[in-house]
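Notes follow once the structure below has been shown.
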Amino acid sequence: MTNDIAEALDWQGREIDCGACAHGSLRAAGQCRLRHACVHDRYARRIDRFFTWNPSLSDRYLAHPHFEVRAIAAKHASTFLLPNLLDDPEETVRWNAARRLPLRLILRLRDDPHREVRIRIATLLDDAELIPMMTDADYYVRLVVAKRVAPPLLARMMADPEPEVRRVVARRIPSDWLLRMAQDDDATVRLEAARRMPPGLLTRLRHDPDWRVRYEVARQAEVSQIAELAEDQDALVQEMARSRRAITHIQGSPS
28 MTNDIAEALD
38 WQGREIDCGA
48 CAHGSLRAAG
58 QCRLRHACVH
68 DRYARRIDRF
78 FTWNPSLSDR
88 YLAHPHFEVR
98 AIAAKHASTF
108 LLPNLLDDPE
118 ETVRWNAARR
128 LPLRLILRLR
138 DDPHREVRIR
148 IATLLDDAEL
158 IPMMTDADYY
168 VRLVVAKRVA
178 PPLLARMMAD
188 PEPEVRRVVA
198 RRIPSDWLLR
208 MAQDDDATVR
218 LEAARRMPPG
228 LLTRLRHDPD
238 WRVRYEVARQ
248 AEVSQIAELA
258 EDQDALVQEM
268 ARSRRAITHI
278 QGSPS
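Residues 28 to 282 in my numbering are what the sequence shown lists, from first letter to last.
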């Protein structure tokens, strides 16, 4: 059963009485409809339709006791009334207000107690505004920051405690710092660094304990530097090194 045909109950589980509603004139004009577009309904979809049809009424519902009503009203209300919602107890309300406000007003939500708000705030900010979020307690917030901040600022995140964050850093950081990331404790981070390193530097990783990193060396390093990988303990690394050496030998042979 979809929300549009489910029974009409308010957010406290009581049956909705259209006769007692202050919006009787809207119903008569077809601007609200029971079980379809109603501000008193407990279903967010119906509340959203009501404000889509009647955006001018949004301002008066910003203090409604039901958080869904406040959150949806914030999508349509006057922006001059939204700053007060940044202190709303519900994270959905805070976010819906923040997304419509200028950056200078929402910067304080970088320290919001709810991770979802901080994650979403991070998607709105750039560079200098993101620096304080590089050390956020939540790894996913830091992951968003690592994807958005300018590459030269990523040096601050090279030692992030979460490998997934460091992998993003390795994909985006300026090439001058890749050699340092190639010494990371996590093999997947080293692999990301190896994939971007110039052939002349890759040879330094030929003794890496992870076969995937050695395979990348065998695949991209200068052929003159991969002789020992032709005898690598891993069959795939060995095959790649031997194949490249053989091709080079054939190409260098006189016709």
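Cβ atoms here follow ideal geometry from the backbone N, Cα and C, with glycine treated the same way.
Remember, predicted model here, so these are calculated numbers, not experimental data.
Check: Option in N123, R142, A149 with minimal Cα separation from L134; Outcome: A149
Check: Cβ pair count under 8 Å reaching 3, the segment 130 to 147 against the segment 72 to 82; Outcome: no
Check: Proximity of V195 and K174 at Cβ, strictly below 8 Å; Outcome: yes
Check: Status (buried if at least 16 other CB within 10 Å, exposed otherwise) for N111; Outcome: exposed
Check: Backbone CA spacing between A101 and N123 [nearest angstrom]; Outcome: 6 Å
Check: Reference E266; option with closest CA among L36, W238, V216; Outcome: W238
Check: Reduced DSSP category for E249 - H, G, I as helix; E, B as strand; rest coil; Outcome: coil
Check: Simplified DSSP assignment, three categories, for E34; Outcome: coil
Check: Where A64 sits in the DSSP three-state scheme; Outcome: strand
Check: N- and C-terminal bounds of the alpha helix (DSSP H) containing P226; Outcome: 226 to 229
Check: The alpha helix (DSSP H) enclosing D75, as first and last residue numbers; Outcome: 71 to 80
Check: DSSP state of R189 mapped onto helix, strand, coil; Outcome: Residue identity differs from the one stated: residue 189 is Glu in this sequence, not Arg. Three-state result, E189: coil.
Check: For Y242 and V216, believed in contact at Cβ under 8 Å, the rounded distance; Outcome: The pair is not a contact, with the Cβ atoms about 16 Å apart (cut-off 8 Å).
Check: Under the three-state DSSP convention, the category E243 falls into; Outcome: helix
Check: Helix, strand or coil at E266 [DSSP, three-state]; Outcome: helix
Check: Status (buried if at least 16 other CB within 10 Å, exposed otherwise) for A98; Outcome: buried
Check: Interface flag, E249 vs chain D, CB-CB below 8 Å; Outcome: Given the protein chain composition of this structure (a single chain), no chain D is represented.
Check: Distance CB(A262)-CB(I253) smaller than 8 Å; Outcome: no
Check: Where the alpha helix (DSSP H) through N123 begins and ends; Outcome: 118 to 125
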